[in-house]
Amino acid sequence: MHNYKKISILLILSTLILSACAFPNKEKTENQVPAKDQLSMVQTAVDEYKKASGGLLPIKDRDDSYSLYLKHPVDFNKLKPKFLSQLPGNSFENGGIYQYVIMDVDKDPKVHLIDLRTSEVLKDIRIRIDASGKPLQLGKKVAPNVYEIEYKKYGFKKQPTVPSPYSNERLPVYMNGGNDFVIDYRLDLAKAIKKEKSLPKPGEDIRYLLYKDSPILPAYSPEFTINSKNEPVFKSKVKKY
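All the letters of the sequence shown, read from the start, carry residue numbers -22 to -1, 1 to 219 under mature numbering (1 follows the signal peptide of the UniProt record, and there is no 0).
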């Protein structure tokens, strides 16, 4: 029993160390800020590649098991050195904290960012749950296929959260029936809805409001819509997140 506890502690410490090393240059300003010039530089390179290759995009091949926002990461190997002289300083491939991805690949390909600091937090939570040696137990139902984490059973002092890439809020982390983490962006969506002059219709996926004026995508998010009170709510069925 004592040996198992020691192994669990070592696993957690190892993960924290690896997480700290994952972004060795993260103290650099260029690696922390999704600078517009870096984003514009990659967008230009993508556009030029598409034109030169007859409509193809410089993306890594991923199957349908990947979520909407993680499915089309930029393949910088296809851009360097002909279309891009250097990697953006804030890219994961260059020691930064952002994964460059492309959205709307069929109609109007646009370069966006995934904040990988969120991924690191979720990895740490996963390690703690796995290291507990206890079978996964879903807690209170929050929405269809969205459940709270029984955090006390896994040694957490409170419900796990992640820092929002859009505000100073801490966003709740839940799980779905498939044992995947999902992030609750309703706090940020409520703020985004208030800024809208033309509100979306109930049933419509409103996650686009989060990256309408931001290059960062809401990774690990289930679909959200709006109710009759103009409040953000989980959609009745969680699909790709």
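All C-beta atoms, glycine included, are put in the ideal place defined by N, C-alpha and C.
Keep in mind that this is a model prediction, so the values were computed, not measured.
Exercise for the section: Whole angstroms is fine: what's the gap from residue 105's alpha carbon to residue 153's? Expected result: Along the sequence shown, one-based indexing puts residue 105 at 127. Along the sequence shown, one-based indexing puts residue 153 at 175. Cα to Cα, the separation comes out at about 15 angstroms.
Practice task
Assuming residue 209 and residue 168 form a contact by the criterion Cβ under 8 angstroms, report the distance between their Cβ atoms to the nearest whole angstrom.
Solution key: In the sequence shown, residue 209 corresponds to position 231, counting from 1. In the sequence shown, residue 168 corresponds to position 190, counting from 1. Contact holds; Cβ gap of about 7 angstroms.
Exercise for the section: Determine the extent of the alpha helix (DSSP H) in which residue 121 is found, giving its start and end residues. Expected result: If you number the sequence shown from 1, residue 121 lands on position 143. Unbroken run through residue 121 is the beta strand (DSSP E), 116 to 121; no alpha helix (DSSP H).
Handout entry: When 158, 147, 103 and 163 are compared against residue 135, the one with the closest alpha-carbon
Key = Here residue 135 corresponds to residue number 157 of the sequence shown, with the count starting at 1. Checked all of 158, 147, 103 and 163; the closest Cα to residue 135 is 103.
Practice task
Measure the beta-carbon distance from residue 144 to residue 194 and round it to whole angstroms, keeping in mind my assumption that it falls under 8 angstroms.
Solution key: By 1-based counting over the sequence shown, the position of residue 144 is 166. By 1-based counting over the sequence shown, the position of residue 194 is 216. About 7 angstroms; that satisfies the 8 angstroms criterion.
Handout entry: Nearest candidate by alpha-carbon position, reference residue 187, set 180, 181 and 196
Key = The residue labelled residue 187 in the question sits at position 209 within the sequence shown. For residue 187, the nearest C-alpha among the options comes from 196.
Exercise for the section: Can you tell me which of the three DSSP states residue 93 falls into? Expected result: The sequence position of residue 93 within the sequence shown is 115, counting from 1. Here residue 93 sits in strand by DSSP.
Handout entry: Residue range of the beta strand (DSSP E) that includes residue 148
Key = On the sequence shown, residue 148 is found 170 positions in, with the first residue counted as 1. Unbroken beta strand (DSSP E) run through residue 148: 148 to 153.
Problem - Continuous alpha helix (DSSP H) stretch holding residue 171: start and end - result: Position 193 of the sequence shown holds residue 171. Counting along the chain, the alpha helix (DSSP H) containing residue 171 begins and ends at 164 to 173.
Practice task
Measure the C-alpha to C-alpha separation of residue 43 and residue 60 and round it to an integer number of angstroms.
Solution key: As a first step, residue 43 must be located in the sequence shown, where it is residue number 65. As a first step, residue 60 must be located in the sequence shown, where it is residue number 82. When rounded, the distance between both Cα atoms is 32 angstroms.
Exercise for the section: May I have the straight-line CA-CA distance separating residue 99 from residue 112, to the nearest angstrom? Expected result: Indexing the sequence shown from 1 puts residue 99 at position 121. Indexing the sequence shown from 1 puts residue 112 at position 134. So the alpha carbons of these two residues sit roughly 20 angstroms apart.
Exercise for the section: Identify the continuous beta strand (DSSP E) that holds residue 140 and give its terminal residues. Expected result: As a position in the sequence shown, residue 140 is number 162, starting the count at 1. 139 to 141 is the extent of the beta strand (DSSP E) around residue 140.
Handout entry: With 16 other Cβ atoms within 10 Å as the buried cut-off, status of residue 97
Key = On the sequence shown, residue 97 is found 119 positions in, with the first residue counted as 1. Residue 97 comes out buried.
Practice task
Pick helix, strand or coil for residue 3, following the three-state DSSP scheme.
Solution key: Taking the first residue of the sequence shown as position 1, residue 3 is located at position 25. Because the pLDDT at residue 3 is just 47, under 50, the model does not fix this residue reliably, and the point stays unresolved.
Practice task
With DSSP as the reference, label residue 64 as helix, strand or coil.
Solution key: On the sequence shown, residue 64 is found 86 positions in, with the first residue counted as 1. Three-state DSSP puts residue 64 in coil, outside helix and strand.
Problem - residue 158 versus residue 199 - alpha carbon distance - result: The residue labelled residue 158 in the question sits at position 180 within the sequence shown. The residue labelled residue 199 in the question sits at position 221 within the sequence shown. Taking the straight line joining both Cα atoms gives about 11 angstroms.
Practice task
In angstroms with no decimal places, state the Cα-to-Cα distance between residue 156 and residue 150.
Solution key: What you label residue 156 is simply residue 178 of the sequence shown in a count that begins at 1. What you label residue 150 is simply residue 172 of the sequence shown in a count that begins at 1. Each residue's alpha carbon lies about 18 angstroms from the other.
Practice task
Would you list the one or two residues that DSSP bridges to residue 88?
Solution key: Within the sequence shown, residue 88 is the residue found at index 110, counting from 1. Paired residues: 81.
Handout entry: Nearest candidate by alpha-carbon position, reference residue 68, set 114, 16 and 207
Key = Taking the sequence shown and counting its residues from 1, the one referred to as residue 68 is at position 90. Taking only the C-alpha atoms, the option nearest residue 68 is 16.
Practice task
Can you give me the Cβ contacts of residue 115 inside the same chain, cut-off strictly under 8 angstroms, excluding the 5 residues immediately before and after it?
Solution key: Position 137 of the sequence shown, counted from the start, is the residue given in the question as residue 115. Excluding residues within five positions, the ones whose Cβ falls inside 8 angstroms are 128 and 131.
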